[in-house]
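Q:
2 protein chains.
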Amino acid sequence: MEQTIVLLGAGGASFTIALLKDLILTETLSGSTLRLVDIDEGRLKEAKEIAESYNREAGTSIKVEAYLDRRDALDGAGFVICAVKIGGYEPLEAERKIAQSHGYYRGIGDRVSCYFGGVGAYLQIKFLEDVANDMMELCPDAWLVQTANPVFDGTNYLTRYTDVKTVGVCHGHFLAYNVAKIMGLDKDKMSAEIIGFNHYNMLTDFRYEGKDAYPLLDKWIAEESEAYWKSPAYLESTNNYGAVPEELSPGAIDFYRIYGLLPIGDAVRSATPWWHHTDFATKEKWYGPNGGFDSEVCWAGYINDKTVYRDAIKDVLSTGKPITELSPLEKSGELHIPFINSVVTDTYERFILNIPNNGCIPGIPDDVMVEIPAVSSARGVQGIKMDPLPRRIMDNVIYPRMRTMNNLHEAYRNGDRSVLVLELMHDNRTRSYEQAKNLIDELLAQPWNKEADAHYR
Amino acid sequence: MEQTIVLLGAGGASFTIALLKDLILTETLSGSTLRLVDIDEGRLKEAKEIAESYNREAGTSIKVEAYLDRRDALDGAGFVICAVKIGGYEPLEAERKIAQSHGYYRGIGDRVSCYFGGVGAYLQIKFLEDVANDMMELCPDAWLVQTANPVFDGTNYLTRYTDVKTVGVCHGHFLAYNVAKIMGLDKDKMSAEIIGFNHYNMLTDFRYEGKDAYPLLDKWIAEESEAYWKSPAYLESTNNYGAVPEELSPGAIDFYRIYGLLPIGDAVRSATPWWHHTDFATKEKWYGPNGGFDSEVCWAGYINDKTVYRDAIKDVLSTGKPITELSPLEKSGELHIPFINSVVTDTYERFILNIPNNGCIPGIPDDVMVEIPAVSSARGVQGIKMDPLPRRIMDNVIYPRMRTMNNLHEAYRNGDRSVLVLELMHDNRTRSYEQAKNLIDELLAQPWNKEADAHYR
Numbered sequence: 017m018e019q020t021i022v023l024l025g026a027g028g029a030s031f032t033i034a035l036l037k038d039l040i041l042t043e044t045l046s047g048s049t050l051r052l053v054d055i056d057e058g059r060l061k062e063a064k065e066i067a068e069s070y071n072r073e074a075g076t077s078i079k080v081e082a083y084l085d086r087r088d089a090l091d092g093a094g095f096v097i098c099a100v101k102i103g104g105y106e107p108l109e110a111e112r113k114i115a116q117s118h119g120y121y122r123g124i125g126d127r128v129s130c131y132f133g134g135v136g137a138y139l140q141i142k143f144l145e146d147v148a149n150d151m152m153e154l155c156p157d158a159w160l161v162q163t164a165n166p167v168f169d170g171t172n173y174l175t176r177y178t179d180v181k182t183v184g185v186c187h188g189h190f191l192a193y194n195v196a197k198i199m200g201l202d203k204d205k206m207s208a209e210i211i212g213f214n215h216y217n218m219l220t221d222f223r224y225e226g227k228d229a230y231p232l233l234d235k236w237i238a239e240e241s242e243a244y245w246k247s248p249a250y251l252e253s254t255n256n257y258g259a260v261p262e263e264l265s266p267g268a269i270d271f272y273r274i275y276g277l278l279p280i281g282d283a284v285r286s287a288t289p290w291w292h293h294t295d296f297a298t299k300e301k302w303y304g305p306n307g308g309f310d311s312e313v314c315w316a317g318y319i320n321d322k323t324v325y326r327d328a329i330k331d332v333l334s335t336g337k338p339i340t341e342l343s344p345l346e347k348s349g350e351l352h353i354p355f356i357n358s359v360v361t362d363t364y365e366r367f368i369l370n371i372p373n374n375g376c377i378p379g380i381p382d383d384v385m386v387e388i389p390a391v392s393s394a395r396g397v398q399g400i401k402m403d404p405l406p407r408r409i410m411d412n413v414i415y416p417r418m419r420t421m422n423n424l425h426e427a428y429r430n431g432d433r434s435v436l437v438l439e440l441m442h443d444n445r446t447r448s449y450e451q452a453k454n455l456i457d458e459l460l461a462q463p464w465n466k467e468a469d470a471h472y473r
Numbered sequence: 017m018e019q020t021i022v023l024l025g026a027g028g029a030s031f032t033i034a035l036l037k038d039l040i041l042t043e044t045l046s047g048s049t050l051r052l053v054d055i056d057e058g059r060l061k062e063a064k065e066i067a068e069s070y071n072r073e074a075g076t077s078i079k080v081e082a083y084l085d086r087r088d089a090l091d092g093a094g095f096v097i098c099a100v101k102i103g104g105y106e107p108l109e110a111e112r113k114i115a116q117s118h119g120y121y122r123g124i125g126d127r128v129s130c131y132f133g134g135v136g137a138y139l140q141i142k143f144l145e146d147v148a149n150d151m152m153e154l155c156p157d158a159w160l161v162q163t164a165n166p167v168f169d170g171t172n173y174l175t176r177y178t179d180v181k182t183v184g185v186c187h188g189h190f191l192a193y194n195v196a197k198i199m200g201l202d203k204d205k206m207s208a209e210i211i212g213f214n215h216y217n218m219l220t221d222f223r224y225e226g227k228d229a230y231p232l233l234d235k236w237i238a239e240e241s242e243a244y245w246k247s248p249a250y251l252e253s254t255n256n257y258g259a260v261p262e263e264l265s266p267g268a269i270d271f272y273r274i275y276g277l278l279p280i281g282d283a284v285r286s287a288t289p290w291w292h293h294t295d296f297a298t299k300e301k302w303y304g305p306n307g308g309f310d311s312e313v314c315w316a317g318y319i320n321d322k323t324v325y326r327d328a329i330k331d332v333l334s335t336g337k338p339i340t341e342l343s344p345l346e347k348s349g350e351l352h353i354p355f356i357n358s359v360v361t362d363t364y365e366r367f368i369l370n371i372p373n374n375g376c377i378p379g380i381p382d383d384v385m386v387e388i389p390a391v392s393s394a395r396g397v398q399g400i401k402m403d404p405l406p407r408r409i410m411d412n413v414i415y416p417r418m419r420t421m422n423n424l425h426e427a428y429r430n431g432d433r434s435v436l437v438l439e440l441m442h443d444n445r446t447r448s449y450e451q452a453k454n455l456i457d458e459l460l461a462q463p464w465n466k467e468a469d470a471h472y473r
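Those protein sequences? They're chains A and B, same order as listed.
For the first sequence, this note's numbering assigns the number 473 to the last residue and increments by one with no breaks.
For the second sequence, this note's numbering assigns the number 473 to the last residue and increments by one with no breaks.
Written out as structure tokens, the structure reads:
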């Protein structure tokens, strides 16, 4: 069934390759068209060449088109996948440095702050709003599959204030399988229910061979955790950018001790308490050597990792080496194409997706996006009703994150700078109103925030 | 219609007098019995003598009985009014001093912390639980009218975890009339809707001669506030204990500026932001000379005021002067007896009461106590459905206060000291986990907290 799928932000090479491979390997979508969109002409050209290499090598039927203007690409599209990070990472790093000089180690907000795309997430929210307006004009029935951060704040904006059919997709919850792996369990015998907000999700149901596996975790903590944290498997097993496996780090286990559920994936660094993240040494204590993904060391490695991958791609393109050698043609594990396929073929499939709560998690307002098990089909997406989260997670983790999102929206909708300051007043590092206000003012005074500076009066 | 009304904590002379006067002046309750209960024999005797003086002077039909054992008094009661502050104020002051030595000016938590009755509100919650158990045994159909602080945390505990019919009563919202008075308006032409939690309530509807009066407030702020804050009416008009009128203080107006609604009564000091309350000089800036009710100066005056009143009563009792000279026989303005009267006579009356939300304020869980307009009768209490509170009040004021209450309950129900520490980690003055933990440990190690120390493992 031929579809027209638009990828916004196609210049991010690794995600474009992942998506293309999934599309190639999904037979029911054969003959579909993938429209690559990026404002960076050089990167767009690269992305198209890579796609054509796959087509050539694999002999597939996927048509690939490249667009500098997103409106041309959106016209008549069936699905729009948004992977756009406006402004790239340089302003983000510059904003972090400014925040540090005001007393905010590693920048404003929680550990996901790095994904907000700048103060107040202005650029990301504004972009999504523009895309939604374009879609309502050019492809009003299309689905917007939002995958760029902040997924929680962004998809919430779309569902609250626009009429675009929106779903949020993130792969972080798959890291639950690493929990089984570290515990020495067979991951194929494990099942998991992971719920909450995006990057704030917890393992609410954990089974091994059909039985509750939390007692196994308790046993592992009592008998094996200390040895594991001293073992080479933990201390020396870093990924490319230098982060150790965080899933069962002391920080994740401390979260479990406080709240009674294990945080999963990005939640291990985003939803864990502020006193785990006060400085590099403290981060190392809780999240292992190099201090976890968001530390200055690992984040620099992550940025560098992107350059290394891009160089490898450039090498492939210039030498004519097979692209399938760099990135073999196998499924990526991302949910975007499987989700699209279930909608297109009207096949009921269970994914973990970001959708408006509508009563699925008790105590969360209906119009707030939750990341929960959901069933997709041509009918759309239906969330599965969950048990309540533990009260202390609701009060100490969920509502504070909801507040951040709501405050960003309040500030944006009203062009009200004081609400950006208000949000920062909740930050434990804030000592005075002036300190917070000065930081917001200085951030908005940067050249890349000119539009935001005018917006937030 | 003769009723049996129990007053727990009758040794607090001024409240006992207020209640008795209301009872005497409510004809439909003539012939009722007021059972005074206190564990302090001397104070109980005093209270009984005062009551008898009123009876003698006014020739009323109210029977007064005194009980040292509350179980004797509860037997067969129709209404139980609870005004008990366990342990008195001395341990509270001692705990504040300890907290200050750990970096927490004026004690733990928000400004209502002074009313928690000690770390974790243990003594108050435990007492209410015991009273509820006694009532279920001795007077299962009686209403518990809870008026001792913390009203919010206490009534929530009662309605969630016991079967006693509970309502919370506080007179703070009547201070809305002072707003009209300060603005130079005729208070009889004003009407007000004040909603939220106890001590966290806002003026959601403010009318003068039937029309929205917020524009009048905006005009007053623009044209008169600065002059008012420099006038003797503000700077010199203190109450007995040295607090200036807080209703339209710079702090109250700043709350209005941030959130869009005026805080009322105790909310002016309890719900206003932490950066208004960092030290005495800052409190003076926002709440006038002497820094508002909770400052070290005014609080000391408040405690002293109680002694002065008690001395005056002792003087009346020893000299045989008429009690009606010290406290003339007129209605007190408290809601307890009018509420009881409406239930007894099945007269529908509108009060502002603390009851489980049950959908009245959107976004607040059904089982959380809200202070809202409600209609009472023999049928019980029915809340009136309200419009949503502004989102920024929900996120930045309401949910954080709900968190404090839930965390106190979580700690109490599970005997879990770490949840007391967790709550304190949200305090902006907390710099490290150790700082908070050390404070909780030191507070629980005090002699008056021996039982709590054993409870919170």
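Backbone N, C-alpha and C define an ideal beta-carbon position, used for all residues, glycine too.
When DSSP labels each residue in this structure, what does N422 of chain B get in the three-state scheme?
A: By one-based count along the second sequence, residue 422 of chain B stands at place 406. Correct three-state label for N422 of chain B: helix.
Q: Does the Cβ-Cβ distance between R326 of chain B and A29 of chain B come in under 8 Å?
A: As a first step, residue 326 of chain B is located in the second sequence; it is residue number 310 there, counting from the start. As a first step, residue 29 of chain B is located in the second sequence; it is residue number 13 there, counting from the start. A contact, by the Cβ cut-off of 8 Å.
Q: Could you please tell me which residues of the region 365-379 of chain B, in chain order, have their CB closer than 8 Å to any CB of chain A?
A: Flagged, chain order: G379.
Q: According to a CB-to-CB cut-off of less than 7 Å, which residues of the region 266-285 of chain B neighbour chain A?
A: Under the 7 Å Cβ criterion, the region 266-285 of chain B contributes I274.
Q: Just the C-alpha distance for S129 of chain A and R395 of chain B, rounded to the nearest angstrom, thanks.
A: Start at 1 with the first residue of the first sequence, and residue 129 of chain A comes out as number 113. Start at 1 with the first residue of the second sequence, and residue 395 of chain B comes out as number 379. Because the pLDDT at S129 of chain A is just 48, under 50, the model does not fix this residue reliably, and the value given afterwards should be weighed accordingly. Spanning the two alpha carbons is a distance of roughly 52 Å.
Q: Quick one, are the C-beta atoms of G379 of chain A and A390 of chain A less than 8 Å apart?
A: Translated into the one-based positions of the first sequence, residue 379 of chain A becomes position 363. Translated into the one-based positions of the first sequence, residue 390 of chain A becomes position 374. For G379 of chain A and A390 of chain A, no; Cβs fall outside 8 Å.
Q: I want to know whether the region 274-286 of chain A touches the region 405-417 of chain A - three or more CB-CB distances under 8 Å.
A: Touching, per the Cβ criterion.
Q: Rounded C-beta distance between K235 of chain B and P266 of chain B? I'm assuming under 8 Å.
A: What you label residue 235 of chain B is simply residue 219 of the second sequence in a count that begins at 1. What you label residue 266 of chain B is simply residue 250 of the second sequence in a count that begins at 1. In fact, because the Cβ distance is near 17 Å, the residues do not count as touching under 8 Å.
Q: Which residues, in order along the region 151-176 of chain B, keep a beta-carbon less than 8 Å from a beta-carbon of chain A?
A: Residues: none.
Q: Mind the definition here: the region 104-124 of chain B touches the region 442-460 of chain B only if three or more C-beta pairs lie below 8 Å; say whether that holds.
A: Flag = yes, the region 104-124 of chain B and the region 442-460 of chain B touch.
Q: Less than 8 Å between CB atoms is the rule here; does R122 of chain B satisfy it with respect to chain A?
A: Sequence index remark: in the second sequence, residue 122 of chain B carries index 106 (1-based). For R122 of chain B, the answer is no, since every Cβ of chain A falls outside 8 Å of its Cβ.
Q: Give a yes or no on whether 8 Å exceeds the smallest Cβ distance from S129 of chain B to chain A.
A: For the purposes of this step, residue 129 of chain B is taken as the residue at position 113 of the second sequence. Unreliable positioning characterises S129 of chain B in this predicted model, as indicated by a pLDDT of 48, which lies under 50. A coordinate reading is not provided.
Q: For the region 436-449 of chain A, which residues have a beta carbon sitting closer than 9 Å to at least one beta carbon of chain B?
A: Answer in chain order: L438, E439, M441, H442, D443, N444, T446, R447, S448 and Y449.
Q: Do the CB positions of V96 of chain A and V22 of chain A come within less than 8 Å of each other?
A: On the first sequence, position 80 is the one that residue 96 of chain A refers to. On the first sequence, position 6 is the one that residue 22 of chain A refers to. Contact flag set, yes.
Q: Closer than 7 Å, Cβ to any Cβ of chain A: which residues of the region 378-394 of chain B, in chain order?
A: If the cut-off is 7 Å between Cβ atoms, the region 378-394 of chain B has G379 and P381 near chain A.
Q: Exposed or buried, V324 of chain A, counting other C-beta atoms within 10 Å across all chains shown (16 or more means buried)?
A: Locating residue 324 of chain A in the first sequence gives position 308, where the first residue counts as 1. By the neighbour-count rule (16 or more Cβ atoms within 10 Å), V324 of chain A is not buried but exposed.
Q: Which residues does DSSP pair with G125 of chain B in a beta bridge?
A: Counted from its first residue, the second sequence places residue 125 of chain B at position 109. Looking at the DSSP assignment, G125 of chain B forms no beta bridge with any residue, so it has no partner.
Q: DSSP state of G307 of chain B, grouped into three classes?
A: Position 291 of the second sequence, counted from the first residue, corresponds to residue 307 of chain B. G307 of chain B falls in the helix class under three-state DSSP.
Q: Under 8 Å, Cβ to Cβ, is there at least one residue of chain B near W291 of chain A?
A: Locating residue 291 of chain A in the first sequence gives position 275, counting from the first residue. Yes, its Cβ sits closer than 8 Å to a Cβ of chain B.
Q: Do M385 of chain B and F190 of chain B have their beta-carbon atoms positioned less than 8 Å apart in this structure?
A: The residue labelled residue 190 of chain B in the question sits at position 174 within the second sequence. The residue labelled residue 385 of chain B in the question sits at position 369 within the second sequence. Contact flag unset, no.
Q: Answer yes or no: do N483 of chain B and T254 of chain B have a C-beta to C-beta separation smaller than 8 Å?
A: With chain B represented from 17 up to 473, any question about residue 483 of chain B goes unanswered, as that position is not in the structure.
Q: Under 8 Å Cβ-Cβ, which residues of chain C neighbour N454 of chain B?
A: In the structure shown, chain C cannot be found, because the protein chains are A and B.
Q: Report all residues from its chain with a CB closer than 6 Å to the CB of Y138 of chain B; omit the five preceding and five following residues, and keep chain order.
A: Position 122 of the second sequence, counted from the start, is the residue given in the question as residue 138 of chain B. Answer for Y138 of chain B: A468, listed in chain order.
Q: Quick check: is the beta carbon of Y428 of chain B nearer than 8 Å to any beta carbon in chain A?
A: Counted from its first residue, the second sequence places residue 428 of chain B at position 412. No - not a single Cβ of chain A is within 8 Å of the one on Y428 of chain B.
Q: What in chain B is Cβ-close to N422 of chain A, meaning under 7 Å?
A: As a first step, residue 422 of chain A must be located in the first sequence, where it is residue number 406. Result: R407 and D411.
Q: Under 7 Å between beta-carbons, which chain B residues line up against E415 of chain A? List them in chain order, please.
A: Working through the first sequence from its first residue, we reach residue 415 of chain A at position 399. Position check: residue 415 of chain A holds Tyr in this sequence, whereas Glu was assumed. Those are Y415 and R419, listed as they occur along chain B.
Q: Can you pull the chain A neighbours of S434 of chain B, defined as C-beta to C-beta under 7 Å?
A: Sequence index remark: in the second sequence, residue 434 of chain B carries index 418 (1-based). I274, listed in chain order.
Q: For M402 of chain B, does the three-state DSSP call read helix, strand or coil?
A: Position 386 of the second sequence, counted from the first residue, corresponds to residue 402 of chain B. Looking at M402 of chain B - three-state DSSP - the assignment turns out to be coil, as it is neither helix nor strand.
Q: Along the beta strand (DSSP E) that carries C98 of chain B, what are the first and last residues, could you check?
A: Locating residue 98 of chain B in the second sequence gives position 82, counting from the first residue. Its beta strand (DSSP E) spans residues F95 to C98.
Q: Among residues of its own chain, excluding the 5 on either side of Q462 of chain A, which ones have a beta-carbon nearer than 6 Å to its beta-carbon?
A: Locating residue 462 of chain A in the first sequence gives position 446, where the first residue counts as 1. The answer is none, since no qualifying residue turns up.
Q: Quick one: measure Cβ to Cβ for L52 of chain A and L45 of chain A, integer angstroms, because I've assumed they're closer than 8 Å.
A: Walking along the first sequence from the start, residue 52 of chain A turns up at place 36. Walking along the first sequence from the start, residue 45 of chain A turns up at place 29. Incorrect: roughly 16 Å between the Cβ atoms, too far for contact.
Q: If I measure Cβ to Cβ from M199 of chain A and keep anything under 6 Å in the same chain, skipping five residues before and after, which residues do I get?
A: Counted from its first residue, the first sequence places residue 199 of chain A at position 183. Within the same chain, M199 of chain A has close Cβ partners W236.
Q: From A:L438, A:S207, A:D310 and A:N256, pick the residue whose C-alpha is nearest to that of R122 of chain A; which is it?
A: The count along the first sequence starts at 1 and reaches residue 122 of chain A at position 106. That would be A:D310, whose Cα lies nearest to the Cα of R122 of chain A.
Q: Using only the alpha-carbon positions, how far apart do C98 of chain B and N422 of chain B sit?
A: Walking along the second sequence from the start, residue 98 of chain B turns up at place 82. Walking along the second sequence from the start, residue 422 of chain B turns up at place 406. When rounded, the distance between both Cα atoms is 22 Å.
Q: Check whether the region 336-354 of chain B touches the region 280-290 of chain B, counting contact only when three or more Cβ pairs, one atom from each stretch, lie closer than 8 Å.
A: Taking 8 Å as the limit for Cβ pairs, the verdict is that the region 280-290 of chain B does not touch the region 336-354 of chain B.
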